[in-house]
Amino acid sequence: MINFIIRYHRGSLPFHTNLRILYFFLCLCCFTYDVFNIVAKIHHLTVSLLSETPCQIFMSKYLFMAISLPLFCSINAAQFAQMAIIAERLIAIIFVRNYESGFKKLGPALLVIAIVANICTINFMYYGETFNAPQWNARTLPSTTLPRSSLALLVMLILNFICLLVTISLYFFSRSGKGRTTLSSRFQSNENAAVSNLLFLSSSLQFSTLFLSQMFNL
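With the numbering used here applied, the sequence shown covers 157 to 374.
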């Protein structure tokens with residue numbers, strides 16, 4: 157992710173405006189997840205080393221909410237951001253002739269859809285949760301949410317696998333389209349190649365993460 161950000165700011169990835177919006181949202185989600193994940197790990201390690209009694213390892217209700225909710229919200233949002241990027245690329249390929257002039261608001265629209273989908277998913281996972289049960293690790297979901305959270309993780313695992321297949325298809329499509337003569341086609345071919353490389357890496361990592369999470373929850 158850092159490599160792609162550096163290359164983008166150096167001008168080697170001339171993304172379309174719609175793609176830049178979604179790409180920035182994906183980077184923001186990944187950065188937020190990394191920050192809260194590091195905070196959760198530091199807290200867990202510190203408490204494990206400094207606690208004198210077993211009861212001291214449990215987190216307070218509000219501290220657990222302050223770390224856990226943004227953590228899972230950001231990783232879910234990154235998943236939907238990837239789906240939005242893939243949808244944007246598919247629309248750009250299908251409507252290649254009038255994409256530049258007729259789909260200027262596609263990026264903000266897909267961004268809103270991704271945010272709404274993420275809010276609905278988080279609401280489904282935490283619906284009715286009071287956070288009163290003892291919790292010792294903010295990187296795990298409350299045990300009372302496991303039936304719903306397991307279902308949500310399973311659905312996202314399937315969607316992530318589909319996105320991974322579509323990403324591979326976009327990569328080979330961009331390679332097969334390098335001989336096109338139109339400027340718009342060549343520009344989108346370069347975008348597809350760059351985006352497919354990014355999404356293949358992030359989708360593979362998220363697929364592995366969701367798969368392992370689902371296996372441990374079973």
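We put the CB at the ideal spot given by N, CA and C, even for glycine.
Beta-carbon spacing of residue i, residue j below 8 Å
| i | j | result |
| --- | --- | --- |
| methionine 281 | arginine 295 | no |
| threonine 277 | alanine 308 | yes |
| leucine 313 | glutamine 238 | no |
| isoleucine 241 | tyrosine 189 | no |
| lysine 217 | asparagine 316 | no |
| phenylalanine 192 | leucine 227 | yes |
Selected residue, minimal CA-CA separation from residue i, among the options
| i | options | result |
| --- | --- | --- |
| tyrosine 179 | Phe192, Asn274, Leu266, Gly284 | Leu266 |
| isoleucine 271 | Met221, Gln235, Ile223 | Gln235 |
| cysteine 229 | Ile275, Ala240, Cys211 | Ile275 |
| histidine 199 | Phe287, Asn293, Cys183, Ile269 | Asn293 |
| glycine 284 | Gln291, Ser299, Ala273 | Ser299 |
| lysine 197 | Ser224, Glu208, Cys183, Cys186 | Ser224 |
| isoleucine 269 | Leu227, Ser207, Ala243, Phe329 | Ala243 |
| asparagine 279 | Ile194, Ala233, Phe181, Arg176 | Ala233 |
| valine 322 | Pro290, Pro264, Ile249, Leu310 | Ile249 |
| histidine 172 | Ile318, Pro264, Ser204 | Pro264 |
| phenylalanine 220 | Leu297, Leu326, Arg253 | Leu297 |
| glutamine 291 | Cys319, Ile194, Ala222 | Ala222 |
| alanine 273 | Val311, Ser207, Phe328 | Val311 |
Rounded Cβ spacing between residue i and residue j (contact assumed at less than 8 Å)
| i | j | result |
| --- | --- | --- |
| leucine 262 | asparagine 174 | 5 Å |
Where residue i falls: helix, strand or coil (DSSP)
| i | result |
| --- | --- |
| leucine 175 | helix |
| leucine 339 | Here leucine 339 scores only 49 on pLDDT, less than 50, and its place in the model is too uncertain to base an answer on. |
Q: Decide if the stretch 204–216 is in contact with the stretch 251–262; the criterion is three or more beta carbon pairs, one per stretch, under 8 Å apart.
A: No, because fewer than three Cβ pairs between the stretch 204–216 and the stretch 251–262 fall closer than 8 Å, the two stretches do not touch.
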